[in-house]
Amino acid sequence: MKRKTLIIAIAVLIVAAAVLAVVVSQNTPKKDRCEVIISYKGEQTKTDLNSLKLVQVKGTITMASGKTKDIDSKGIEIKDLLAGKEYTEVAVNAEDNYSAVLVKEDIEKAGNAYIILGEENKPRLVVMSDTNAKRDVKNVMILELK
Numbered sequence: 009m010k011r012k013t014l015i016i017a018i019a020v021l022i023v024a025a026a027v028l029a030v031v032v033s034q035n036t037p038k039k040d041r042c043e044v045i046i047s048y049k050g051e052q053t054k055t056d057l058n059s060l061k062l063v064q065v066k067g068t069i070t071m072a073s074g075k076t077k078d079i080d081s082k083g084i085e086i087k088d089l090l091a092g093k094e095y096t097e098v099a100v101n102a103e104d105n106y107s108a109v110l111v112k113e114d115i116e117k118a119g120n121a122y123i124i125l126g127e128e129n130k131p132r133l134v135v136m137s138d139t140n141a142k143r144d145v146k147n148v149m150i151l152e153l154k
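9 is the number of the first residue of the sequence shown in the numbering used here; add one for each residue after it.
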């Protein structure tokens, strides 16, 4: 009787450990993911930038202080990210609720508006034509098409 109880207890522990391992692995964020949400016509779609064809983004942006900052990262032009969607402007919203708005002309200008892989693999908006980097949004979460 004791042997049967011991075997059942061990089996229950093994099953519990397996279930716990699955739950933990599903809820652990993947460090190599760099996701943004595209909000379009009432639907939200997650996009992992690392799963897209990224290009090398190099350039210099000018900060509000007048100082310049070199950009050298992988990224995607926003016009490519939003291909096939209709919009007149896009609100780019960060984790900390900071936001910036890009009009269609900003986005469609070649080599101008990018979402790049920023620090710690977090998405970042970079607008090359800005003269004061007000639209330099770090930790981008949502691109809301209007």
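Idealized CB from N, CA, C, for every residue including glycine.
- request: Please go through the segment 42-106 and give each complete beta strand (DSSP E) segment of 3 or more residues, from N-terminal end onward.
  value: If only uninterrupted beta strand (DSSP E) runs of at least 3 residues are considered, those enclosed by the segment 42-106 are 43-48, 51-56, 63-70, 76-85 and 97-102.
query: Looking at V44 and V145, is the spacing between their C-beta atoms short of 8 Å?
result: Cβ atoms of V145 and V44: not closer than 8 Å.
task: Put K112 into one of helix, strand or coil per three-state DSSP.
output: helix
- prompt: Within this structure, are the beta carbons of T70 and N140 separated by less than 8 Å?
  reply: yes
query: Excluding five sequence neighbours on each side, which residues of the same chain lie with their C-beta closer than 6 Å to the C-beta of G119?
result: none
- prompt: Between the segment 121-133 and the segment 78-87, are three or more C-beta pairs nearer than 8 Å?
  reply: Verdict: yes, contact present.
message: For E152, report the span of its beta strand (DSSP E) as first-last.
response: V148 to L153
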